[in-house]
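Chemist:
Number of protein chains: 2
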Amino acid sequence: MTEKTSTGKKILYIFLFFATVIVVFILGLLAASIFERRGESVARLEPVRDIAEWEPRNEIWGENYPRQYETYRKTLDTGFRSKYAGSATIDYLEDYPDLVVLWAGYLFSRDFKQARGHAYAIKDIRQTLRTGGVEFSPQPGTCWSCKSTDVPRLIQSMGAEAFYKSKWSDLGEQVVNPIGCQDCHEPKTMDLRITRPALIEALERQGKKMSNITHQEMRSLVCAQCHVEYYFKGPDKYLTFPWDKGFSADSMESYYNDIGFKDWEHKLSKAPMLKAQHPDYELYMTGIHATRGVACADCHMPYKVVGGVKFTDHHIQSPLNNIANSCQVCHRQSETQLLKDVYERQDRVAEIRKIAEYSLRKAHLEAELAWKNGASEEEMKPILELLRSAQWRWDWVAAANSVGFHSPVEALRVLGTAIERSEKARGLLNIVFTKKGVTLPVTLPDVGTKLIAQKYIGLDLEKILQDKLNFIQNVVPEWDKKAKSRQGSLQEY
Amino acid sequence: MTEKTSTGKKILYIFLFFATVIVVFILGLLAASIFERRGESVARLEPVRDIAEWEPRNEIWGENYPRQYETYRKTLDTGFRSKYAGSATIDYLEDYPDLVVLWAGYLFSRDFKQARGHAYAIKDIRQTLRTGGVEFSPQPGTCWSCKSTDVPRLIQSMGAEAFYKSKWSDLGEQVVNPIGCQDCHEPKTMDLRITRPALIEALERQGKKMSNITHQEMRSLVCAQCHVEYYFKGPDKYLTFPWDKGFSADSMESYYNDIGFKDWEHKLSKAPMLKAQHPDYELYMTGIHATRGVACADCHMPYKVVGGVKFTDHHIQSPLNNIANSCQVCHRQSETQLLKDVYERQDRVAEIRKIAEYSLRKAHLEAELAWKNGASEEEMKPILELLRSAQWRWDWVAAANSVGFHSPVEALRVLGTAIERSEKARGLLNIVFTKKGVTLPVTLPDVGTKLIAQKYIGLDLEKILQDKLNFIQNVVPEWDKKAKSRQGSLQEY
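First to last, the sequence lines map onto chains A and B.
Taking the numbering used here, the leading residue of the first sequence gets 794, the next gets one more, and so forth.
Taking the numbering used here, the leading residue of the second sequence gets 794, the next gets one more, and so forth.
As structure tokens, this is what we get:
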């Protein structure tokens, strides 16, 4: 060996030594980052306190699960991107005064607004005119069922029957925490669970075994505790889902007909009406997303990553507000294109829904006129049955969220049959008119705005609002005071 | 070095030598296979003969493009998998006798069958009762437009105007080769081209530059030469697409109303009717496949690989017959699931279509009864306008292939408006009846089968069939004989 090669080798060894040092240092940094992120996620998943079995306060759960709670609190944000929702306090009766006529004699004709986020559930049920005021308080306990994490607790302690048949206002100081953690989660394991008996009872009547339900099904079923069609059964107002014959508009109508149920008698037409609630789950079940195994939570509560932690976004909202994390997980189109695709479906559903609404409004007013001109019970019976069926079918689509997007083809099928039945009723009404010597076409009253329509159907809005104000100013603060002293704290939303 | 290591190295070298020989041999085999496959594909793409500019004979083109021609010939296979198509000679008038009433006074009430494959185009247009016989030959040359590769040749030589205004029967010996190669391809380059002036004229009136059309658009537009809504304009029966205001049912209806066009006056109701042809392209353009850039050919003529050659399958057919190569190129679901998905849409469209059909049949018969009871022109005018609009909208969906699948949401929207209008017409008819003292509900004639319905609308089927038989036995053989002597050969299908 020469001096030269020996020096060369020394330089090489020194170089290798320092290169190794640098590489090892960088690896150390990377490892630290990984440990940190892992630590971050583990730290936050370790509960900081025990949660009692029926704890209703979301903020207590939130101490253990700050990310879920923080995103849940974003349901207080009421801005919607969808052109069909816009701001979440849209007054539908203002926008569609036909609805006042369609619901004449029913509390929906007083007040019907675009729903706000879950965190507003208590505030909004207290404020809606449908729950009345101090003098007029028409609702049973059943009406609280979907509004609060206090409900599972009360059902546990009182029993479901006693809970439902209470007076709504008698439970006011007990039901103060809005829809939240307790409604869907088991407090020890955070497993999803069904806390509302009505869903379990309905599924069991269908022959479904609760123990066979998968986690992915649960990610829709926890929503189906409330986002469904239901009715208050019997004098005890027992909350019941009319699913025994199936989910479809046709099956549920047939169920109601078989038991001779009506929600109310229409004030103008005297038809024995059905009010659809919000059969979101049922409509969704007929659509392509359900067929492909996509759960409610996949679009309305998509996964989110913050720091090192992946978790479910509890800001439950329209996927149109969050296309990147919902739609685009599966669909590779641009946001603009996907929004356009949704609107193309919704626009068509809205067009046909409007035709059905228009036809139903005319039909109710014409039926009222027929009665006034001496139509007999016998003459009116087939007309009123058609009206009941038509409006139920219209409402099955109209009352469901999403403007039919959850299943546009089924929505349009059902609306098609609504138009058929409503127009058939009008055809029969023409027969009655000509028999009674009423000149055709008949002249119908102008009900072109919410106020005029409400006055026409006999509502004294001033009195109703005064009673509500009295309730908000004098009753609600008492409820909150008692609730705070009972549970030790009360979060304001 | 020892003897031992030297022997070891020798063995290693010998092993490496033979291993190399084997590997090189295998590579040689692979290369040969690749060259062979490439050669196979190139050999078949080299034309074996020149094809004259307006060559109508598919079998001549087939000599150069045997794969395409062989698959084209499979359009002779008339079995469909779809439950809505089944065998391709379904007699729709037998299955839906309401159609006889809906088309009373129009040739469709004589004969309307499920279409067969392209290769049957000549055979079937000669056989349908809509082209008449020897004594009664009602059609103009326009009626050949979509049936034959002879059409571009004749339009080239005669001019479009002269071609359209000829008598259909006068062109019989000239138009003998069924829909095929010439209709969509340029014979030198095989580029797609539009050979029918009506499509080019319609697109140009819409302001579309033909030079800007992409290849992918052409893969739908060659189909849109025929699978569209069209009418025979003016006394010269100039083939025209009513697209000037847009593609939708609403836009085309508005176009027809503006020019005061009617296809015929309804024999029973006297309504000024429109007959939708098969607006497949227009309906498809409103659907998700068009939105996503999927062309007609992607589903109806998917790519196929035989030997080393990838080519377009010219067995044009329902994708339901070939789900693996059409749907499953994009959709990862099973065949069973995809078929179920298609039927779920089609079943709903069929249900609502049936409601519209039923309503329209009643409306026409009731309008006839109103006339018989002395209804005036003035009383009937709004009724007949509603009937025209309703039936057009029903037909826009019903006449299009795919039972609405090309765009189920739009199909159901349009059918919803058809029901609305037809039922409104019936409501007005009830007014007329009661004015005229007709007891309601009115009694309508039984038209429950094709034969009874055809008799009711005054068709003498025996005479019509006898005339057709005379035509098939005496005229058609003459046409074929002359065609054979003119073009040198005539392929039978």
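Even glycine gets a Cβ: it sits at the ideal position worked out from N, Cα and C.
1. Closer than 8 Å by C-beta to Val882/B: which residues in its own chain qualify, once you throw out the five before and the five after it? Chain order, please.
2. How many angstroms separate the CA atom of Leu1283/A from the CA atom of Val1268/A?
3. Determine, for Glu1172/B, whether the minimum Cβ-Cβ distance to residues of chain D falls below 7 Å.
4. Hey, Val968/B and Asp984/B: beta-carbon distance below 7 Å or not?
5. Answer with yes or no whether the minimum CB distance from Ile1265/B to chain A is below 7 Å.
6. Give the single residue among Glu846/B, Ala1156/B, Arg860/B, Trp847/B whose Cα lies nearest to the Cα of Val1098/B.
7. Could you check the C-alpha separation between Lys1274/A and Thr1236/A for me, to the nearest Å?
8. Three or more beta-carbon pairs under 8 Å between the region 1212-1226 of chain B and the region 1085-1104 of chain B, yes or no?
9. At the level of alpha carbons, what is the spacing between Ser799/B and Leu805/B?
10. Since Leu1099/A sits in a beta bridge, which residues does DSSP pair it with?
11. For the alpha helix (DSSP H) holding Tyr1074/B, just list the boundary residues, first then last.
12. 7 Å is my cut-off, CB to CB: does Asn1223/A come that close to chain B?
13. Is it buried or exposed, Met794/A, if we count other Cβ atoms within 10 angstroms and call 16 or more buried?
14. Less than 8 Å between the CB atoms is what I'm expecting for Asp1352/A and Asn1194/A, so what's the real figure, rounded?
15. I want to know whether the region 1244-1253 of chain B touches the region 926-942 of chain B - three or more CB-CB distances under 8 Å.
16. Taking 8 Å as the threshold, find out whether the region 956-965 of chain A comes into contact with the region 1015-1031 of chain A through three or more Cβ pairs.
17. Quick check on Met794/A: does DSSP put it in helix, strand or coil?
18. Verify whether the separation of the beta carbon atoms of Leu1061/B and Glu1161/B is less than 7 Å.
19. According to DSSP, is Leu1252/B part of a helix, a strand, or is it coil?
20. Return the residue from the list Phe1264/A, Ala1163/A, Asn1005/A that minimises the CA-CA distance to Leu1233/A.
21. On the DSSP bridge assignment, give the partners of Met1066/B in chain order.
22. Which term fits Val816/B, buried or exposed, when burial requires 16 or more other beta carbons within 10 angstroms of its beta carbon?
23. Which chain A residues are close to Glu1046/B, counting only those with a beta carbon under 8 Å from its beta carbon?
24. With a threshold of 7 Å between beta carbons, is Pro1035/B in contact with chain A?
25. Out of curiosity, what's the CA-to-CA distance linking Lys1002/A and Gly1039/A?
26. Do you know how far the Cα of Lys1256/B is from the Cα of Leu1205/A?
27. Any Cβ of chain B within less than 7 Å of the Cβ of Ile1176/A?
28. Grouping DSSP H, G and I as helix and E and B as strand, with all else coil, what is Ala908/B?
29. Assuming contact is defined by CB atoms lying nearer than 7 Å, are Val1207/A and Arg1186/A in contact in what I supplied?
30. For Thr1033/B, which residues from the same chain have a beta carbon less than 7 Å from its beta carbon, with the 5 sequence-adjacent residues on both sides left out?
31. By the 10 Å Cβ neighbour count, where 16 or more other Cβ atoms means buried, how is Lys1063/A classified, buried or exposed?
32. Can you pull the chain A neighbours of Asp1134/B, defined as C-beta to C-beta under 8 Å?
33. Three-state secondary structure (DSSP) at Ser941/A?
34. Given that Gly1053/B touches chain A, what residues does it touch there, using C-beta distances under 8 Å?
35. I'd like the list of long-range same chain contacts for Ile1245/A, defined as Cβ closer than 7 Å, with 5 residues on each side in sequence excluded.
36. If we ignore side chains and look at the alpha-carbon of each, how far apart do Ala812/B and Gly1086/B end up?
Modeler: With the given structure in hand:
1. Stepping through the second sequence from its first residue, residue 882/B is reached at position 89. Note that residue 882/B is Thr in the sequence shown here, rather than Val. Thr871, Lys906, Gln907, Arg909.
2. The residue labelled residue 1283/A in the question sits at position 490 within the first sequence. The residue labelled residue 1268/A in the question sits at position 475 within the first sequence. A direct Cα-to-Cα measurement between Leu1283/A and Val1268/A gives close to 16 Å.
3. Checking the listed chains, one finds no chain D in this structure; the protein chains it contains are A and B.
4. For the purposes of this step, residue 968/B is taken as the residue at position 175 of the second sequence. For the purposes of this step, residue 984/B is taken as the residue at position 191 of the second sequence. Their beta carbons are not under 7 Å apart, which means Val968/B does not touch Asp984/B by this criterion.
5. Taking the first residue of the second sequence as 1, we reach residue 1265/B at position 472. By this cut-off, Ile1265/B is not an interface position.
6. Sequence index remark: in the second sequence, residue 1098/B carries index 305 (1-based). Of the residues Glu846/B, Ala1156/B, Arg860/B, Trp847/B, the one whose Cα lies closest to the Cα of Val1098/B is Arg860/B.
7. Sequence index remark: in the first sequence, residue 1274/A carries index 481 (1-based). Sequence index remark: in the first sequence, residue 1236/A carries index 443 (1-based). Cα atoms of Lys1274/A and Thr1236/A: separation of roughly 54 Å, rounded to the nearest angstrom.
8. Contact between the region 1212-1226 of chain B and the region 1085-1104 of chain B is absent: fewer than 3 CB-CB pairs across the two stretches fall below 8 Å.
9. Along the second sequence, one-based indexing puts residue 799/B at 6. Along the second sequence, one-based indexing puts residue 805/B at 12. If I take the Cα positions, the gap works out to 10 Å.
10. Here residue 1099/A refers to the residue found at position 306 when the first sequence is read from its first residue. In the sequence as displayed, the identity of residue 1099/A is Val instead of Leu. Its beta-bridge partners are Val1102/A.
11. What you label residue 1074/B is simply residue 281 of the second sequence in a count that begins at 1. In the DSSP assignment, Tyr1074/B falls within the unbroken alpha helix (DSSP H) covering 1073-1078.
12. If you number the first sequence from 1, residue 1223/A lands on position 430. Yes, contact with chain B.
13. As a position in the first sequence, residue 794/A is number 1, starting the count at 1. Only weak support exists for where Met794/A lies, its pLDDT of 47 falling under 50; the value from the coordinates is given anyway. By the 10 Å Cβ count, Met794/A comes out exposed.
14. The question about residue 1352/A has no answer, for chain A in this structure spans 794 to 1286.
15. Contact between the region 1244-1253 of chain B and the region 926-942 of chain B is absent, because fewer than three Cβ pairs lie under 8 Å.
16. Judged by Cβ distances under 8 Å, the region 956-965 of chain A makes contact with the region 1015-1031 of chain A, as three or more pairs qualify.
17. On the first sequence, residue 794/A is found 1 positions in, with the first residue counted as 1. Any reading at Met794/A is ruled out, since the residue's pLDDT is 47, under 50, leaving its predicted position unreliable.
18. Counting from one through the second sequence, the residue named residue 1061/B turns up at place 268. Counting from one through the second sequence, the residue named residue 1161/B turns up at place 368. Glu1161/B is positioned such that its CB atom lies closer than 7 Å to that of Leu1061/B.
19. Numbered from 1 along the second sequence, position 459 holds the residue referred to as residue 1252/B. Looking at Leu1252/B - three-state DSSP - the assignment turns out to be coil, as it is neither helix nor strand.
20. As a first step, residue 1233/A must be located in the first sequence, where it is residue number 440. The closest CA to that of Leu1233/A, considering only Phe1264/A, Ala1163/A, Asn1005/A, is found on Ala1163/A.
21. Working through the second sequence from its first residue, we reach residue 1066/B at position 273. Answer by DSSP bridge pairing, in chain order: Trp1057/B.
22. Position 23 of the second sequence, counting from 1, holds the residue named residue 816/B. Looking at its Cβ environment, which holds fewer than 16 other Cβ atoms inside 10 Å, Val816/B is exposed.
23. Locating residue 1046/B in the second sequence gives position 253, counting from the first residue. In chain order: nothing, as chain A lies at least about 15 Å away.
24. Locating residue 1035/B in the second sequence gives position 242, counting from the first residue. For Pro1035/B, the nearest beta carbon of chain A is not closer than 7 Å to its own beta carbon.
25. Position 209 of the first sequence, counted from the start, is the residue given in the question as residue 1002/A. Position 246 of the first sequence, counted from the start, is the residue given in the question as residue 1039/A. Going by the C-alpha atoms only, they are around 16 Å apart.
26. Along the first sequence, one-based indexing puts residue 1205/A at 412. Along the second sequence, one-based indexing puts residue 1256/B at 463. Roughly 44 Å separates the two Cα atoms.
27. Residue 1176/A sits at position 383 when you count from the first residue of the first sequence. No - not a single Cβ of chain B is within 7 Å of the one on Ile1176/A.
28. The count along the second sequence starts at 1 and reaches residue 908/B at position 115. Three-state DSSP puts Ala908/B in coil, outside helix and strand.
29. Residue 1207/A sits at position 414 when you count from the first residue of the first sequence. Residue 1186/A sits at position 393 when you count from the first residue of the first sequence. The beta carbons of Val1207/A and Arg1186/A sit closer together than 7 Å.
30. Counting from one through the second sequence, the residue named residue 1033/B turns up at place 240. Taken in chain order, the residues that qualify are Ala991, Tyr1023, Tyr1024, Lys1026.
31. Mapped onto the first sequence, residue 1063/A falls at position 270. Classification of Lys1063/A: buried, given that the 10 Å Cβ count is 16 or more.
32. Residue mapping note: residue 1134/B aligns to position 341 of the second sequence, counting from 1. What Asp1134/B touches in chain A: Ile1081, Thr1084.
33. As a first step, residue 941/A must be located in the first sequence, where it is residue number 148. DSSP places Ser941/A in strand when its eight states are reduced to three.
34. Start at 1 with the first residue of the second sequence, and residue 1053/B comes out as number 260. Those do not exist, as Gly1053/B stays about 26 Å from chain A at its closest Cβ, beyond 8 Å.
35. By 1-based counting over the first sequence, the position of residue 1245/A is 452. Excluding sequence positions up to five before and after Ile1245/A, its CB lies within less than 7 Å of the CB of Asp1239, all in the same chain and listed in chain order.
36. For the purposes of this step, residue 812/B is identified with residue 19 of the second sequence, where counting begins at 1. For the purposes of this step, residue 1086/B is identified with residue 293 of the second sequence, where counting begins at 1. Taking the straight line joining both Cα atoms gives about 52 Å.
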